[in-house]
Each structure stands twice: as structure tokens, then as C-alpha cells.
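Enquirer:
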Amino acid sequence: MPRSAMTDATPTITLPENAYKPLPPGEVYAPPVPASAALPELTARSVGWGLFLCVIFTVASAYSGLKVGQVMEAAIPISILAIGLARAYPRRSSVLENVIITGIGGLAGSVVAGAIFTLPALYILKLDPHPVQTIFICLAGGCLGVLFLIPLRRYFVRDMHGLLPYPEATAITEVLVTGEKGGSQAKLLLQATAIAGVYDFFVTTFHVWKEYLDFQFVPALRTLTERARMGLSFDAISFILGLGYVMGLRSSMILCAGGVLSNLVLVPLIWMIGSHMAATAVYPAQIPIAQMTAAQIFRGYVRFVGVGAIATAGIFGILKSLRVVAGSFAIAARAFRRGPDTAGAGGVGLARTDRDISVLAILIGVIVSAIGVAMLLGSLAASPAVILLGLGLTLLFSFFFASVAANAIATTARNPVSGMTMLTIIVSSVVLLRFGLSGTTGMFFVMAIAGIVCTALSTSGQAITDFKTGYWLGSTPAAQEKVKFLGVIAASVAVGLTIVLLARTFQFGEAVPGDTRVVLASPQASIMKALVEGFMSRQPVAYILFGAGAAIALIMEMLGVPALIFALGMYLPLELNTPALVGGFLAHFLGRRSEKAGGERGSRIRERGVIIASGLMAGGALGGVAGAACRLIPSFTEDWIKTPFYGNDVVSQSISAALFICLCAYLWYGSLHQPKETP
51 MPRSAMTDAT PTITLPENAY KPLPPGEVYA PPVPASAALP ELTARSVGWG
101 LFLCVIFTVA SAYSGLKVGQ VMEAAIPISI LAIGLARAYP RRSSVLENVI
151 ITGIGGLAGS VVAGAIFTLP ALYILKLDPH PVQTIFICLA GGCLGVLFLI
201 PLRRYFVRDM HGLLPYPEAT AITEVLVTGE KGGSQAKLLL QATAIAGVYD
251 FFVTTFHVWK EYLDFQFVPA LRTLTERARM GLSFDAISFI LGLGYVMGLR
301 SSMILCAGGV LSNLVLVPLI WMIGSHMAAT AVYPAQIPIA QMTAAQIFRG
351 YVRFVGVGAI ATAGIFGILK SLRVVAGSFA IAARAFRRGP DTAGAGGVGL
401 ARTDRDISVL AILIGVIVSA IGVAMLLGSL AASPAVILLG LGLTLLFSFF
451 FASVAANAIA TTARNPVSGM TMLTIIVSSV VLLRFGLSGT TGMFFVMAIA
501 GIVCTALSTS GQAITDFKTG YWLGSTPAAQ EKVKFLGVIA ASVAVGLTIV
551 LLARTFQFGE AVPGDTRVVL ASPQASIMKA LVEGFMSRQP VAYILFGAGA
601 AIALIMEMLG VPALIFALGM YLPLELNTPA LVGGFLAHFL GRRSEKAGGE
651 RGSRIRERGV IIASGLMAGG ALGGVAGAAC RLIPSFTEDW IKTPFYGNDV
701 VSQSISAALF ICLCAYLWYG SLHQPKETP
């Protein structure tokens, strides 16, 4: 297409008024890049940069995740890099090319999360997988995660439009849109990003002031914590403040309510019942309840209740979406039979912005992946019946958790990866033990299943963010879906080889007597190792805890409350829920101010609020990446920058609280401010 024609077809990149609102009956969302536009999308530039950034972030994330237990957030920083790269060419990259770069590069964090939660456990157990096995576990999981999510795309991104907040997708979309607009909006986004980046970098990387507020310097709260194990906590960082703002008040309140039930009801209740048991540990915890802190009670008991609630809420979500999934397959089948430009039954047109890859391609992909998984499991010398059972569990959990992960990410931007992986290990171990599979073979078998499922659900969560971003802006879903597989291949090879290399240089988990290699803590994998080792040693299962969580999820559904959001609140630490609630309240009151103002001024208030909140999320993610990079330096210590008052809880936590209030004030007054010049 000639340059002039392409420029004429390029619309002004401005999100419609209904981008974040539920659509009235009969209204259709029209993206800023219409289906009729022919902007560059799948180009050598977008695919090449996406793969390059994916590999770079994958290697860095794998090392930082194994060392400090935190995976670098990739999608938001890469979206900012894409804006910068767009200006490095004579022909400025289109917004659709930037979506492709972000979508491919964002796979780095998701594939790494799936890998480091499970694969290092095999090395800790001295099972030493072959490099090809390590890579294939990631590859199979990533492909299954994308394949199983494609039929759900229309349901989550189109049918649920305006009903799910999509915090991370909102931040990425605002970054890409404001980068296209320039002017005062771009300056506002960059300003918020810079403030949050500097703030989160220093507070999470060095000893400047306390990141977590527990208010234990207040005598009444300290007494409450010591005597009843009721403790308040607050993570005073900008990222979660922006996250809560984008989530909105209702979602953030439900999320925080789950945390209140876990930390202020269940933990004290367990403490009261077990505080007299000073010599006996109650399974699954390893020490007596009388000797446990509130955090230990939460990890030892209550988190399993949260896992049961998440799993049950996921079942409800699957049941609710079955009709939509079947409809998506029907639409895809009609598209395959009639051709991509033919409208389906019921007036559902397959325009460029609503065109997925064919159902045949999805089925072939699932079959090829299933054959590969069966070959992997067969290489572990298991019987044909056990291989088929393991394959069935892998496919079932991968499909089931694709919906759970997508719903969780769309609602809270938090993927319950560890909880779902733990559930996979528990169920798989219980089932396979009945078929006589145990010992080291059983451990490898279960961890291979868990690795595939973990990578699948992690990839599903990232993919739904990418699809929603593309839906808002007007990308081609089929193009986004095709390049996902390229990103999965690149990230799987990179993380697989990185783990193999690190396993030869470091120890994972805990130091082994006589081994002088440096230890990488691998906290998540260490938990999975202990879990699978315990089950394959035929230890009891805490069914009552999972059942209690299932009952809570059922109660939420009966009350008409989104069970998954509540369950996520139960599972996540309280300090991650409380600052999100603050952001939700700010969004609520600013929304009321914008409604009162009305007209153009009201729209500007809403728009500036979302831009600032997105900047806080983007900056917080960049600050986290920078902090994780610092931790890769061998001589790094958090005392590189340490204030004299850091060790004084009264002063340090008070300063942290005051600065967090300043962030809230910045979000509030920055949203209300009306610039003189309108871009």
C-alpha cells in the first residue's frame, strides 16, 4: 500500500467512550483501528523485535525468579519499549505492530513463571531431566495454553466487554494509545510512569523506608496480633494502587473481603483452636499451631482453603461459559467451511477484527501437543494405562485452568499459578498413586504434568491480556494468535536452556552438604518439591481444607458474588489486597466527581484518572524490573542505600504511609486538573 494511502487510512488513535463500559443492547464496540483499515501488523519489524525482547526478558526473568522468587513483569515494560522503537524508523511503527511486539515479548514472564514453579523441583529431587525434556515441558504447556484459550476469546474480550476490568490490559492499552497521541496525555503518562518507577524501585530494592506496613508499633495492634493472630498489613507501592484504581471499587472490595475472611477470621480461629497444642503438629503444617505466627498459619492451613475456593470457582466459571465455548467452536467451524469472509449464522460476521485461526488448526495443534505429551510421559517407563491417564489429566487441567487464569487476570491482574499448580500436583498424585505409580518415577511423572499445566495456565493469563488489548485497539485476532506460538517456542527454548545452565552452576532450593555451589532459593519450586515428595511418600491429604474452600465458593455463588475474585482474595496475602481497595475508593469518588461535572470536563477527569493509574502500573512494573536486575549483581545488597531511620518502625512506616498518601493525592488532583491546552 502506498505511504499516502496508508496514512489516510490510519485513524486517530483515541479509544471510544464505551471502551471501558458495558454495551447497551444492540450497541457494538468500534475500535479506533476499524476492520476496514489495512495498517502494517505482522511485519518483520514487529515479529523480530517481539522475539528479541521475549528472549532477553526470558533469560533475565528466569534467573531473577530462581534467585529471589520474583519473575520480571514483561508486557508493560515492553509496551513502553515498543513506543520508543516506533520512532526509530523512517516509517513509524503502527499501533498494531506495537501490539504484536508487546504480545510476543509478554510471553517471557508467563513461560518463565510456569517453568520456575516446577522444573527446578526435578533438580532438587536429583531427577535431572534431559534438556530436551525441560524445553518440551514448557513448549507443550505454552502451546496448550494458547490453543485452549482461543475458543474462549470471544467470550472474555467481546461478550464480557465492560464487565471485567482487565487492569493490565488497560495499562498496556493506555500506554500504546497515549504513545500514539503524544501531547499532554503522553506527558501525563510519562510523568506518572517516572514517579511510580522511581518510587517502587527504591522502596522494593533498597532499605529506604518500609515497603510493608504492619502497624506493630501501635500497642493495641501489636497486642491483637500476639494474642489473637489478627494482623493488618499493607504493601505501600504505587503498582497496586494503580491496579486497584483500574479494578474499580466493587472488584477491589470483593478481593479485599476474601483477604479479611482469611486473615482476620480463619487465621485467628485456627489459632484459638490450636493454641493449646504446644507439642503436636497438625497436618499439613510442620510445627505445632501454638508456635506459629499468623503468616505461618496462613501458609500452613488457610492458603489450602483458598486453593479449594479458587478451584471450585473455576468450575463454576467453566459451567457458565460452556455455551459460549460451544458457540465459539461453531463460529470457527463455519468460518473454516465457508471461508474467512463469510458471515456466520445469526448475523455474526467474521470481520478482520473478529477472525480467529481456523478450528482445524486448533484441533491439529491440540492433537500434536497431546501426542508429544504422551511421548514425554512414555519416556518415563510408565504403563500405557498410566500414560493415557496422565495425558488425560494434563489436557483436562490445562483446558480447565485456561478459563480460571483468564478470568483471574481479567479481574485482578493476578494469576493464581501456584495455587492451581499445587492442586494439579495433589489431584494427580492421589489419582496416580491408585494406579501404583510412586517413588522417583511417580515424582517425575507428576512434576512433568504440573510443569505443562502450570505453563499452560500462566500463558493463558498473558494471552487474554494481549487479546483484550488487541480488541480495544482493532488488531487481527488470528495474527495475534499465530505469533503467540513463535513467542512460546522462543521463550521455551530460552528458559529451558537457562535452567539447564543454572542447574550446572548453582544449587536449587537448599544447600546440600558437601556441595560448594552457590544456592538459588527457588522458593516456589521448593514448595512443589515438598508437596510431590510428601504425596508420593503416601502422606495424608488435607481434604477438609480444600472442602472448606469449595463450600465458601459455593456460598459466594449463592449470594451472587463473583466467587473467583473472593477466592483470589482469600489466597493472596492481605498486604496485596488492602492497597488495591484504596485505589478502588479513589476510582469510585473520582467517578462521582466526573458524573457531577458532566460533559467534556467529566470525560477528561475519567480519562486522566485511567492514564495516571496506568502510568503507576507501568512505572511500578519498570521499577520492579530494575530492582530485579540489581539483584543479579553478585555483590548486591539492599543496604547499598539505607536511610538512618529504616530500622525504626515508627519513623519508617510513618514515612511510607505518608508517601503513599502523597501518591493517592497525586492520582486525585492529577485527575481533576484540567490542562489549558487540549491535545
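Per the working numbering, the very first residue in the sequence shown carries number 51; after that it's consecutive. Cβ atoms here follow ideal geometry from the backbone N, Cα and C, with glycine treated the same way.
(1) Hey, how far is the Cα of Ile412 from the Cα of Ile128?
(2) According to DSSP, is Tyr738 helix, strand or coil?
(3) Look up Gln557 in the DSSP assignment and say whether it is helix, strand or coil.
(4) With a 10 Å radius around its C-beta and 16 neighbouring C-beta atoms as the bar for buried, classify Glu67 as buried or exposed.
(5) Counting Cβ pairs, one atom from each stretch, are 3 or more of them under 8 Å apart for the stretch 447-464 and the stretch 199-207?
(6) Give the straight-line distance between the Cα atoms of Ile502 and Ile475, rounded to the nearest whole angstrom.
(7) Helix, strand or coil for Phe284 per DSSP?
(8) Helix, strand or coil for Gly397, going by three-state DSSP, please let me know.
(9) Short of 7 Å in beta carbon distance, which residues of its chain neighbour Pro299, apart from the five on each side in sequence? Order them along the chain.
(10) Assuming contact is defined by CB atoms lying nearer than 8 Å, are Val481 and Leu536 in contact in what I supplied?
(11) Output the residue ranges of the alpha helix (DSSP H) runs that lie fully inside the stretch 573-648 and measure 4 residues or longer, sorted by chain position.
(12) Cutting at 8 Å between CB atoms, please list the residues of its own chain near Leu426, excluding the five before and the five after it.
(13) Suppose you measure from the CA of Ile290 to the CA of Met667; what does that come to, to the nearest Å?
(14) So which of Ile63, Glu77, Ala69, Phe102 has the shortest CA-CA distance to Ala87?
(15) Taking 8 Å as the threshold (C-beta atoms), are Gly153 and Lys534 in contact?
(16) Going straight from the alpha carbon of Ala463 to that of Gly564, what length do you get?
(17) So, is Arg388 buried or exposed, given that buried needs 16 or more other C-beta atoms within 10 angstroms?
(18) Under the assumption that Gly195 contacts Thr505 (Cβ atoms under 8 Å), give the Cβ distance between them as a whole number of angstroms.
(19) Exposed or buried, what is Gln530 when buried is set at 16 or more other beta-carbons lying within 10 Å of its beta-carbon?
(20) Suppose contacts are defined by Cβ-Cβ distances below 8 Å. Is Phe251 in contact with Ile691 by that definition?
(21) Would you mind sorting Glu625 into buried or exposed? The rule is 16 or more other CB atoms within 10 Å of its CB.
(22) In whole angstroms, what separates the C-alpha of Arg681 from that of Val409?
(23) Taking Cβ positions, are Ala613 and Glu607 nearer each other than 8 Å?
(24) If you draw a straight line from the C-alpha of Pro318 to the C-alpha of Thr471, how long is it?
(25) CB-CB under 7 Å to Leu305, same chain, minus the five flanking residues each way: which ones, in chain order?
(26) Assuming Leu473 contacts Ala361 under a Cβ cut-off of 8 Å, what Cβ separation, rounded to an integer in Å, is found between them?
(27) Please name the residue, chosen from Ala331, Pro338, Val355, that lies closest to Leu316 on a Cα-to-Cα basis.
(28) Give me the Cα-Cα distance between Val225 and Phe695, rounded to the nearest whole angstrom.
(29) Is Ala69 buried or exposed, if buried means 16 or more other CB atoms sit within 10 Å of its CB?
(30) To the nearest angstrom, report how far apart Ile166 and His180 are at their CA atoms.
(31) Return the chain-ordered list of same chain residues with a C-beta closer than 6 Å to the C-beta of Leu271, the five sequence neighbours on each side being excluded.
(32) Going by other Cβ atoms of all chains shown within 10 Å of its Cβ, with 16 needed for buried, is Tyr173 buried or exposed?
(33) Does the beta-carbon of Leu595 have 16 or more other beta-carbons within 10 angstroms, so that it is buried, or is it exposed?
(34) Please determine whether the Cβ atom of Ile683 lies at a distance below 7 Å from any heavy atom of the ligand COA.
(35) So Gly292 and Gly670 are in contact, right, with Cβ under 8 Å, and what is the actual spacing, rounded?
(36) In whole angstroms, give me the CA-to-CA distance for Leu369 and Gly308.
Expert: Straight from the coordinates:
(1) Locating residue 412 in the sequence shown gives position 362, where the first residue counts as 1. Locating residue 128 in the sequence shown gives position 78, where the first residue counts as 1. Cα to Cα, the separation comes out at about 28 Å.
(2) Because residue 738 is not part of the residues shown, which for the chain are 51 to 729, the question remains open.
(3) Along the sequence shown, read from residue 1 onward, the residue named residue 557 stands at position 507. Gln557 falls in the strand class under three-state DSSP.
(4) Here residue 67 corresponds to residue number 17 of the sequence shown, with the count starting at 1. Flag for Glu67 reads exposed.
(5) yes
(6) Numbered from its first residue, the sequence shown carries residue 502 at position 452. Numbered from its first residue, the sequence shown carries residue 475 at position 425. So the alpha carbons of these two residues sit roughly 11 Å apart.
(7) As a first step, residue 284 must be located in the sequence shown, where it is residue number 234. Strand at Phe284.
(8) Taking the sequence shown and counting its residues from 1, one reaches residue 397 at position 347. Only weak support exists for where Gly397 lies, its pLDDT of 37 falling under 50; the value from the coordinates is given anyway. Gly397: helix per DSSP, three-state reduction.
(9) Along the sequence shown, read from residue 1 onward, the residue named residue 299 stands at position 249. It should be pointed out that residue 299 corresponds to Leu in this sequence rather than to Pro. Only Gly634, Phe635, Ala637, His638 meet the Cβ criterion.
(10) In the sequence shown, the residue the question calls residue 481 occupies position 431. In the sequence shown, the residue the question calls residue 536 occupies position 486. No, these two residues do not count as a Cβ contact at 8 Å.
(11) 573-586, 593-609, 613-621, 624-647
(12) Residue numbering aside, residue 426 sits at position 376 when the sequence shown is read from its first letter. Only Gln183, Phe186, Ile187, Ala190, Ala498 meet the Cβ criterion.
(13) As a working note, residue 290 is residue 240 in the sequence shown. As a working note, residue 667 is residue 617 in the sequence shown. Roughly 7 Å separates the two Cα atoms.
(14) Looking up residue 87 in the sequence shown gives position 37. Closest by alpha carbon: Ile63.
(15) The residue you call residue 534 lines up with position 484 of the sequence shown. The residue you call residue 153 lines up with position 103 of the sequence shown. Yes.
(16) As a working mapping, residue 463 is identified with position 413 in the sequence shown. As a working mapping, residue 564 is identified with position 514 in the sequence shown. Each residue's Cα considered, the two are about 43 Å apart.
(17) Here residue 388 corresponds to residue number 338 of the sequence shown, with the count starting at 1. Bear in mind that a pLDDT of 46 at Arg388, under 50, signals an unreliable position, so the number given afterwards is only what the model happens to contain. Classification of Arg388: exposed, given that the 10 Å Cβ count is below 16.
(18) As a position in the sequence shown, residue 195 is number 145, starting the count at 1. As a position in the sequence shown, residue 505 is number 455, starting the count at 1. About 7 Å; that satisfies the 8 Å criterion.
(19) Residue mapping note: residue 530 aligns to position 480 of the sequence shown, counting from 1. With 16 or more other Cβ atoms within 10 Å, it is buried.
(20) Start at 1 with the first residue of the sequence shown, and residue 251 comes out as number 201. Start at 1 with the first residue of the sequence shown, and residue 691 comes out as number 641. Cβ distance not < 8 Å, so Phe251 and Ile691 don't count as in contact.
(21) Residue numbering aside, residue 625 sits at position 575 when the sequence shown is read from its first letter. Looking at its Cβ environment, which holds 16 or more other Cβ atoms inside 10 Å, Glu625 is buried.
(22) As a working note, residue 681 is residue 631 in the sequence shown. As a working note, residue 409 is residue 359 in the sequence shown. Looking at the two C-alpha atoms, the distance is approximately 45 Å.
(23) Taking the first residue of the sequence shown as 1, we reach residue 613 at position 563. Taking the first residue of the sequence shown as 1, we reach residue 607 at position 557. Taking 8 Å as the Cβ cut-off, Ala613 and Glu607 qualify as a contacting pair.
(24) Against the sequence shown, residue 318 aligns to sequence position 268. Against the sequence shown, residue 471 aligns to sequence position 421. Approximately 27 Å between the Cα atoms of the pair.
(25) Walking along the sequence shown from the start, residue 305 turns up at place 255. Closer than 7 Å at Cβ, skipping near neighbours: Thr462, Ile615, Leu618, Gly619, Asn627, Ala630.
(26) As a first step, residue 473 must be located in the sequence shown, where it is residue number 423. As a first step, residue 361 must be located in the sequence shown, where it is residue number 311. Correct: roughly 5 Å between the Cβ atoms.
(27) By one-based count along the sequence shown, residue 316 stands at place 266. Closest by alpha carbon: Val355.
(28) The sequence position of residue 225 within the sequence shown is 175, counting from 1. The sequence position of residue 695 within the sequence shown is 645, counting from 1. Cα-Cα distance, rounded: 36 Å.
(29) Numbered from 1 along the sequence shown, position 19 holds the residue referred to as residue 69. The residue is buried, with at least 16 neighbouring Cβ atoms inside 10 Å.
(30) For the purposes of this step, residue 166 is taken as residue 116 along the sequence shown, with counting starting at 1. For the purposes of this step, residue 180 is taken as residue 130 along the sequence shown, with counting starting at 1. Approximately 16 Å between the Cα atoms of the pair.
(31) Taking the first residue of the sequence shown as 1, we reach residue 271 at position 221. Around Leu271: Phe265.
(32) To locate residue 173, count along the sequence shown from 1; it is residue 123. Buried, by the Cβ-count rule.
(33) The count along the sequence shown starts at 1 and reaches residue 595 at position 545. It counts as buried.
(34) The model on display carries no ligand, and the ligand COA is accordingly not part of it.
(35) The residue labelled residue 292 in the question sits at position 242 within the sequence shown. The residue labelled residue 670 in the question sits at position 620 within the sequence shown. Contact holds; Cβ gap of about 7 Å.
(36) Residue mapping note: residue 369 aligns to position 319 of the sequence shown, counting from 1. Residue mapping note: residue 308 aligns to position 258 of the sequence shown, counting from 1. The straight-line gap from Cα to Cα measures roughly 22 Å.
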